[in-house]
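Line order of the protein sequences matches chains A and B. First residue of the first sequence: 193, per our numbering; consecutive thereafter. First residue of the second sequence: 607, per our numbering; consecutive thereafter. The beta-carbon is built from N, C-alpha and C at its ideal position, and this holds for glycine as well. These figures come from a predicted structure and were not determined experimentally. Worksheet for the structure shown next.
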Amino acid sequence: MTPPPSRALLIIVVVLAIGMLVPVGYVIEATARIGIDELATLLLRPRVGELLGNTALILVLGVPITVVLGVGSAWVVERTDLPGRRFFAVLSVAPLAIPAFVSSYGWASVIPSIQGLGGGLLVATLAYYPLVYLPALATLRGLNPSLEESARSLGLKEGAILFRVVIPQLRLAILGGGLIVALHLLAEYGAFAFIRFDTFTTAIVVAYQSTFAGPSAASLGIVLALLSVIVLGVEATARGRARYAYVGSSSARPAQLVTLGKFTPLAILALVAVATLATVVPMASVIRWSLATKPEMLDGLWRALIDTSLLSLGGAIGAIVVALPVAWLATRHPSRLSRVLEGGYSIASSLPAIIVALALVTVTLNVAPGLYQTAATVTAAYVIIFLPRALVTLRAGLAQVPESLEEAARALGTPPLLARMRVTTPLLFPAIAAAGALVALGAANELTATLLLAPTGTRTLATQFWSAASSIDYPGAAPYAISLVLLSVPAVALLFAQTRGKKP
Amino acid sequence: MKLRISGVSKSFDTTPVLTDIGLEVAQGSRTAIVGSSGCGKTTLLRVIAGFIDPDCGEISLGNRVLVAPRRGVPAHRRGIGYVAQDGALFPHLSVAANIGFGLPRTGRTQRIVEVMKLTSLDAALATRYPHQLSGGQQQRVALARALAPRPEVVLLDEPFSALDTGLREQTRAAVITALERSGTTTVLVTHDQEEALSFGDGVAVMMRGSLPQSGSPQSVFGNPGSAEIAALMGSIVLLPAVRVGNEIDSALGRIDVRHDRSNGAESVSAMVRPSQVSLSVDLSHGSASVTGVRHIGPTALVSLRTLGEQPVALLITIPAQQTQSLAVGAVVGLKVGGGAVLYPASAAIQ
Numbered sequence: 193m194t195p196p197p198s199r200a201l202l203i204i205v206v207v208l209a210i211g212m213l214v215p216v217g218y219v220i221e222a223t224a225r226i227g228i229d230e231l232a233t234l235l236l237r238p239r240v241g242e243l244l245g246n247t248a249l250i251l252v253l254g255v256p257i258t259v260v261l262g263v264g265s266a267w268v269v270e271r272t273d274l275p276g277r278r279f280f281a282v283l284s285v286a287p288l289a290i291p292a293f294v295s296s297y298g299w300a301s302v303i304p305s306i307q308g309l310g311g312g313l314l315v316a317t318l319a320y321y322p323l324v325y326l327p328a329l330a331t332l333r334g335l336n337p338s339l340e341e342s343a344r345s346l347g348l349k350e351g352a353i354l355f356r357v358v359i360p361q362l363r364l365a366i367l368g369g370g371l372i373v374a375l376h377l378l379a380e381y382g383a384f385a386f387i388r389f390d391t392f393t394t395a396i397v398v399a400y401q402s403t404f405a406g407p408s409a410a411s412l413g414i415v416l417a418l419l420s421v422i423v424l425g426v427e428a429t430a431r432g433r434a435r436y437a438y439v440g441s442s443s444a445r446p447a448q449l450v451t452l453g454k455f456t457p458l459a460i461l462a463l464v465a466v467a468t469l470a471t472v473v474p475m476a477s478v479i480r481w482s483l484a485t486k487p488e489m490l491d492g493l494w495r496a497l498i499d500t501s502l503l504s505l506g507g508a509i510g511a512i513v514v515a516l517p518v519a520w521l522a523t524r525h526p527s528r529l530s531r532v533l534e535g536g537y538s539i540a541s542s543l544p545a546i547i548v549a550l551a552l553v554t555v556t557l558n559v560a561p562g563l564y565q566t567a568a569t570v571t572a573a574y575v576i577i578f579l580p581r582a583l584v585t586l587r588a589g590l591a592q593v594p595e596s597l598e599e600a601a602r603a604l605g606t607p608p609l610l611a612r613m614r615v616t617t618p619l620l621f622p623a624i625a626a627a628g629a630l631v632a633l634g635a636a637n638e639l640t641a642t643l644l645l646a647p648t649g650t651r652t653l654a655t656q657f658w659s660a661a662s663s664i665d666y667p668g669a670a671p672y673a674i675s676l677v678l679l680s681v682p683a684v685a686l687l688f689a690q691t692r693g694k695k696p
Numbered sequence: 607m608k609l610r611i612s613g614v615s616k617s618f619d620t621t622p623v624l625t626d627i628g629l630e631v632a633q634g635s636r637t638a639i640v641g642s643s644g645c646g647k648t649t650l651l652r653v654i655a656g657f658i659d660p661d662c663g664e665i666s667l668g669n670r671v672l673v674a675p676r677r678g679v680p681a682h683r684r685g686i687g688y689v690a691q692d693g694a695l696f697p698h699l700s701v702a703a704n705i706g707f708g709l710p711r712t713g714r715t716q717r718i719v720e721v722m723k724l725t726s727l728d729a730a731l732a733t734r735y736p737h738q739l740s741g742g743q744q745q746r747v748a749l750a751r752a753l754a755p756r757p758e759v760v761l762l763d764e765p766f767s768a769l770d771t772g773l774r775e776q777t778r779a780a781v782i783t784a785l786e787r788s789g790t791t792t793v794l795v796t797h798d799q800e801e802a803l804s805f806g807d808g809v810a811v812m813m814r815g816s817l818p819q820s821g822s823p824q825s826v827f828g829n830p831g832s833a834e835i836a837a838l839m840g841s842i843v844l845l846p847a848v849r850v851g852n853e854i855d856s857a858l859g860r861i862d863v864r865h866d867r868s869n870g871a872e873s874v875s876a877m878v879r880p881s882q883v884s885l886s887v888d889l890s891h892g893s894a895s896v897t898g899v900r901h902i903g904p905t906a907l908v909s910l911r912t913l914g915e916q917p918v919a920l921l922i923t924i925p926a927q928q929t930q931s932l933a934v935g936a937v938v939g940l941k942v943g944g945g946a947v948l949y950p951a952s953a954a955i956q
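The following block contains the structure:
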């Protein structure tokens, strides 16, 4: 029996949810403002059909490829006797440290002719397959080996066990990872713009640059938002009410490893090939260009580092402040209402960054012109875009601090607020730090919303990289690319550590 | 200090969880509240601790009113210790820091040492962290932490249920010794009737949110207020019976009446414990046919069905050497010692 949450907490969570839902409100308002007839005129054009085709193709082809790469790597690394498994486990997550637009720049400078759907698929699937790999790895790690042993004793062979017992249990990881990949593909701007592969997101940026946040950009944004909702709906339908939990007491026995035997060289070859394409080629290319960097090109680097740090720190603090009340509500007072509110937060964060940016441009210009192109607005965008990272981490952290600990402190004579400070806060601190780091490092790599929202004169690593790279100043872009990769490494290490320690 | 609870009720939404609870626990005594899971016993404990406010009722400790209509002393000012089911040890603090959590700075170290000794905790454990302790040690640290500030009352919520059988006995003995030595008034809740009966001076029976009976362990076990309470406190044999003067006639023959709770009715249900029934060569009183014999080392479990119009099944334990002549189908005589408790008829409880 959980007591109902306090009125103050509910009010805070509802008010923050309304703030988070500004982009959703923008999409609805834009639809109403433009009107169906005008929308039809704007959208029923061959150009929009082409964008829709491209976006659909990159989703339909890209998601399955990342699933195969992600689940395949996770299984080989976690469940076979592959030599050097630990090394390959780290290598398979490394592409996450390279922002997709940096990887795209790396490829474009190696193969200047790379472009279109093929190029987009190559760059995006290699950049995003770790998003499936990580949850698959976590699930494989948590699977109870006695399930497989039971299957074996029922007469199933290795292959049959893999497809009838292991893969079905990975369903949630595959759907969850696939969903994140799909949302990233919808939202990606830099990587696709670089190799001239046109999607709704790239087209919106082009429209914004020529006609600002007018009907043309808004109408494309409406379709993009609709596509995100469709992706969410497909995932929710496929997931259904499925929840897999092992029934019975769980043991910590490690799983028995599958012997690869004569397939060992093939497995190594596959992992090395993927790693080479995903990590070695872009990084080698970045490093090669950096050798041509002239000292005066480094002038803006310090300034960009400071601006980036300040903005992403703001985003991290904002995300923690916004996520903590709803995480508290969801873990301490779970109810239908708390789930609805949490759902509201995650819908807002599922919208592509370009829509968040368009919404904030429109809202600030029309409601609070003083906030247009200010650090506050960029921070708000970071909060909306990266909130799920903070929410997931804080929820997991709070779940580790049961209320009974605070009660124990109160029974020992500690007043409630002091009990929270002496018991809950120190136990929650690691989760708060991890949540902050994940948001800050994500924000440091953010390009799309930052391009639209950053105050004039603000130069972040991502925007500086972008302005150099898109004017084909490859040596000038290289130091920023290296900084972006170095900044991503801690976040990826943190994600990887969370995955390894996790029991689903 | 005497803990006095009267008229306490509590509902969650519209579901009543506690109904008009009244209970007195004498200073320095130990009372066990026993009931099946979901009967409301943990809620009652949390109301006493101050984690939940009751809808109505009063709770006082000596002359101090803890809960009165519309006002309650907050948990941290009640001076009531609480040991949760899982111990609720602070994972970020060492054993010593856990035990010292509720203590003022002056004399803290000395008191920690004292309480560790009181609860038979090895001094070497002081620097360990909760995850480095066994389950039994964790429970003793939780008790030591609760006892350290010298609370007037300590509440224990199923503190032994998470432990294995052997460890449970050992931990229970250590906990009872520590409570005895400190002289703390104690309330324990449990679903285990043996634990309740052996824990201390008083037993209160909880059913569907109310306390239908409380008293000494002997009186609650020997003279249960209803057949349902009798069944909760241990296995029973319930016999349809007819009153004959000061005795009754039943399938087990003529039996003395120990307590009469039937309001003097003619036909009654008579409750005896299987341990009161023994085998006899005399078939004239009560007799039964053997339906099964199972050996358990030095004893044997014999299942029987009484002869007559309304057969009653019963399961009794006898010394193993008495089973030689017992084959399935054999007819044996039965003898009941110690008398029966009478309830109104047809109170069928299984």
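According to DSSP, residues forming a beta bridge with residue i
{"i": "GLU630 of chain B", "result": "B:ARG610"}
{"i": "CYS662 of chain B", "result": "B:SER615"}
{"i": "LEU318 of chain A", "result": "None, per the DSSP bridge assignment."}
{"i": "ARG819 of chain B", "result": "The residue you asked about is not Arg; residue 819 of chain B is Gln in the sequence shown. Answer by DSSP bridge pairing, in chain order: B:VAL811."}
{"i": "PRO925 of chain B", "result": "B:THR905"}
Among the options, the one whose alpha carbon lies nearest that of residue i
{"i": "GLY617 of chain B", "options": "B:GLY628, B:ILE654, B:CYS662, B:GLY656", "result": "The identity of residue 617 of chain B in the sequence shown is Ser, whereas the question assumes Gly. When each option's Cα is compared against that of SER617 of chain B, the closest is B:CYS662."}
{"i": "MET212 of chain A", "options": "A:PRO608, A:LEU493, A:ALA540", "result": "A:ALA540"}
{"i": "GLU598 of chain A", "options": "B:ALA638, B:THR648, B:LEU695", "result": "B:LEU695"}
{"i": "ARG751 of chain B", "options": "B:ALA690, B:LEU889, B:VAL874, B:LYS647", "result": "B:ALA690"}
{"i": "GLY892 of chain B", "options": "B:GLU915, B:VAL721, B:VAL899", "result": "B:GLU915"}
{"i": "ALA232 of chain A", "options": "A:ALA200, A:LEU653, A:LEU412, A:LEU449", "result": "A:LEU412"}
{"i": "GLU595 of chain A", "options": "A:ALA611, A:GLY605, A:LEU583", "result": "A:ALA611"}
{"i": "ILE686 of chain B", "options": "B:LEU889, B:SER612, B:LEU762", "result": "B:LEU762"}
{"i": "SER663 of chain A", "options": "A:PHE386, A:PHE455, A:GLY634, A:LEU639", "result": "A:PHE386"}
{"i": "GLU221 of chain A", "options": "A:THR451, A:ALA410, A:LEU288", "result": "A:ALA410"}
{"i": "ALA641 of chain A", "options": "A:LEU620, A:ALA417, A:GLN565", "result": "A:GLN565"}
Contacts around residue i, its chain only, beta-carbon distance under 6 Å, and the 5 residues preceding and following it disregarded
{"i": "LEU623 of chain A", "result": "Leu is not the amino acid found at residue 623 of chain A; the sequence shown has Ala there. Contacts found: THR585, LEU586, GLY589."}
{"i": "PHE688 of chain A", "result": "VAL285"}
{"i": "ILE835 of chain B", "result": "VAL811, GLN819"}
{"i": "ALA685 of chain A", "result": "none"}
{"i": "ALA702 of chain B", "result": "ILE718, ALA732"}
{"i": "GLY693 of chain B", "result": "GLN744, GLN745, ALA748"}
Within chain A, the residues that residue i reaches when beta carbons sit closer than 9 Å
{"i": "ARG751 of chain B", "result": "ALA600, LEU604"}
{"i": "PRO818 of chain B", "result": "Under the 9 Å cutoff, chain A gives no residues; its nearest Cβ is about 23 Å from PRO818 of chain B."}
{"i": "GLY741 of chain B", "result": "Here the premise fails: no neighbours, minimum Cβ distance about 14 Å."}
{"i": "ARG755 of chain B", "result": "This sequence places Pro at residue 755 of chain B; Arg is not what is there. Here the neighbours are LEU604, GLY605."}
8 Å Cβ shell around residue i - same chain, five flanking residues per side excluded
{"i": "ILE924 of chain B", "result": "SER884, LEU885, THR905, ALA906, VAL908"}
{"i": "ARG684 of chain B", "result": "ALA655, GLY656, LEU667, LEU672"}
Contacts of residue i in chain B (Cβ-Cβ under 7 Å)
{"i": "LEU597 of chain A", "result": "ALA694, PHE696"}
{"i": "PRO607 of chain A", "result": "HIS682"}
{"i": "VAL615 of chain A", "result": "PHE696"}
Within chain B, the residues that residue i reaches when beta carbons sit closer than 9 Å
{"i": "LEU619 of chain A", "result": "PHE696, PRO697, HIS698"}
Contacting residues, own chain, Cβ-Cβ under 7 Å from residue i (five flanking each side not counted)
{"i": "ARG239 of chain A", "result": "none"}
{"i": "THR691 of chain A", "result": "LEU326, LEU329, ALA330"}
{"i": "VAL205 of chain A", "result": "PRO517, VAL518, LEU521, LEU533"}
{"i": "LEU697 of chain A", "result": "Summary: the structure shown does not reach residue 697 of chain A, with chain A confined to residues 193 through 696, and so no result is reported for it."}
{"i": "GLY613 of chain B", "result": "ASP626, GLY628, CYS662, GLY663, GLU664"}
{"i": "ALA224 of chain A", "result": "none"}
Chain-ordered chain A contacts of residue i [CB-CB under 8 Å]
{"i": "ALA690 of chain B", "result": "SER596, GLU599, ALA600"}
Taking beta-carbon pairs under 9 Å, can you tell me which members of the stretch 298-323 of chain A lie near chain B?
Listed in sequence order: no entries.
Residues in the stretch 671-687 of chain B with C-beta within 9 Å of chain A's C-beta atoms, listed in sequence order?
Against chain A - using a Cβ distance shorter than 9 Å - the residues of the stretch 671-687 of chain B are PRO680, ALA681, HIS682, ARG683, ARG684, GLY685, ILE686, GLY687.
Give me the subset of the stretch 629-660 of chain B whose CB atoms are less than 7 Å from a CB atom of chain A, sorted by chain position.
Taking 7 Å as the Cβ-Cβ cut-off, the stretch 629-660 of chain B approaches chain A at ALA655, PHE657, given in chain order.
Within 8 Å of chain A by C-beta, residues of the stretch 855-875 of chain B in sequence order
Listed by position, the residues of the stretch 855-875 of chain B near chain A (Cβ gap below 8 Å) amount to none.
Relative to chain A, which residues along the stretch 886-918 of chain B have a C-beta separation below 7 Å, given in chain order?
Those would be none; no residue qualifies.
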